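For the sequence shown, the positions run 225 to 311 when our numbering is used. Glycine is no exception: its CB is placed at the ideal position from the N, C-alpha and C atoms. Every value quoted in this text rests on a predicted model; they were computed, and no experiment measured them.
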Amino acid sequence: MAKKSASSASILKDLEEIYFMCLEKRNFSVALKAKELVGRAQGLFDVKKSEDKKTKMTLEELSDDDITHLIKELEAKLKLDLQENTE
């Protein structure tokens, strides 16, 4: 496990060096990407937000109104899909 943290530290050090070199050469897009990767490694950005939107819900978590609304959406979508396939 110590090997993993040593390699992580090495990678972070390299990213910081890349960041400063790119700033000197005015290559801002690469400098920004290097800084972003450092920030992600340090947990500064919540990357899971987009993943959380995809989490499955159970019927017990939905209200009757939510379920009714979803059924209506599905029925409308199915009608559209059927019409597209018959045309």
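{"query": "Cβ pair count under 8 Å reaching 3, the segment 254 to 274 against the segment 232 to 243", "result": "yes"}
{"query": "Beta-carbon separation (whole angstroms), A265 vs L247, contact threshold 8 Å", "result": "Actually they do not touch by this definition, with Cβ atoms about 19 Å apart."}
{"query": "C-beta atoms of I295 and L283 nearer than 8 Å", "result": "no"}
{"query": "Simplified DSSP state of M245, which is helix, strand or coil", "result": "helix"}
{"query": "Span separating the alpha-carbon of A233 from that of K280", "result": "36 Å"}
{"query": "Reduced DSSP secondary structure (H/G/I, E/B, other) of G263", "result": "helix"}
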